[in-house]
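510 is the number of the first residue of the sequence shown in the numbering used here; add one for each residue after it. Don't be surprised by glycine CBs; every beta carbon is placed ideally from N, CA and C. All figures in this text were calculated on a predicted structure; none of them were measured in a lab. Remarks on the structure that follows.
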Amino acid sequence: MRVCVCVCVRVNGGFEEQLCLYEVMHCEVDVSSPLYKQYRLTKITEKYPELQQVPRELFAVDPAHSSSSEVSYRCRKCRRTLFRGSSVLSHPVGEGASAFSHKKSSNRTGELQCTSYFIEPVQWMEQALLGVMDGQLLCPKCSSKLGSFSWCGDQCSCGRWVTPAFQLHRNRVDEIRQLNIHK
510 MRVCVCVCVR VNGGFEEQLC LYEVMHCEVD VSSPLYKQYR LTKITEKYPE
560 LQQVPRELFA VDPAHSSSSE VSYRCRKCRR TLFRGSSVLS HPVGEGASAF
610 SHKKSSNRTG ELQCTSYFIE PVQWMEQALL GVMDGQLLCP KCSSKLGSFS
660 WCGDQCSCGR WVTPAFQLHR NRVDEIRQLN IHK
């Protein structure tokens, strides 16, 4: 009897990625975690490449139709509430100027700072997102350009590639914090 040992056997990469995410979330599935939301968005783009039948639960609740004491972000032009702080998907800071070397020959210096918010899709975006790979994100009230989206991803000003990208420029929105006034 002959026994053959195969040394090229490995754990499935997708499963390994899930295990790492599970470990980072302290062995709990936390659907409110920005890491989990980013993972879910990535898997959705793989499952629905034509982007016609994206599940409704993918979209965060439109904050204009609900009240909360959470930090919110409004259109700078018309003041319409666009998204909540829990919808912001943070990402590690990228390589900065060196990440843009393919775009410009000059060397940039200075502190790395993201000039945009990358967020999970919100209900008011649904019509703009379905069936197209990328486009502009306009305010649902005044149609002012707020940013852009790309299901294939986009590069942040810090150099990090974010996939998929729902990017709103910080200079187009205002952060609104609730004040706690005690009498």
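Excluding the 5 residues flanking it on each side, I553 has same chain C-beta neighbours closer than 7 Å at V563 and L567, in chain order. Between V570 and F627, the C-beta spacing is not below 7 Å. The shortest C-alpha to C-alpha distance from Q632 to any of F675, S625 and R511 is the one to F675. By the C-beta density criterion, E684 is exposed, having fewer than 16 other C-beta atoms within 10 angstroms.
Within its own chain, the residues whose Cβ lies closer than 7 Å to the Cβ of E579, once the five positions on either side in sequence are excluded, are R593, G594 and S595, listed in chain order.
A direct Cα-Cα distance of roughly 23 Å separates E532 from V518. Distance from the CA atom of K654 to the CA atom of L530, rounded to whole angstroms, is 34 Å.
About 13 Å separates the Cβ atoms of L638 and P649, ruling out a contact at the 8 Å cut-off. A distance of 7 Å or more separates the beta carbons of K556 and L598. With contacts defined by Cβ atoms closer than 7 Å, H678 and G644 do not form a contacting pair. The criterion of a C-beta distance shorter than 7 Å is satisfied by C667 and G603. Taking every protein chain shown into account, the CB of M634 has 16 or more other CB atoms within 10 angstroms, so this residue is buried.
Beta-bridge annotation (DSSP): R511 is not paired with any residue. Contact between C665 and H600 holds: their C-beta atoms lie close to 7 Å from each other, under 8 Å. For L550, the closest alpha carbon among the candidates V682, N680, P673 and R585 is that of P673.
Straight through space, the alpha carbons of L646 and S659 are spaced by roughly 10 Å. DSSP assignment within the segment 613-678 yields the following whole alpha helix (DSSP H) runs of 4 residues or more, N-terminal first: 635-638.
Per DSSP, R593 lies in no alpha helix (DSSP H) segment; the continuous beta strand (DSSP E) that holds it begins and ends at T590 to R593.
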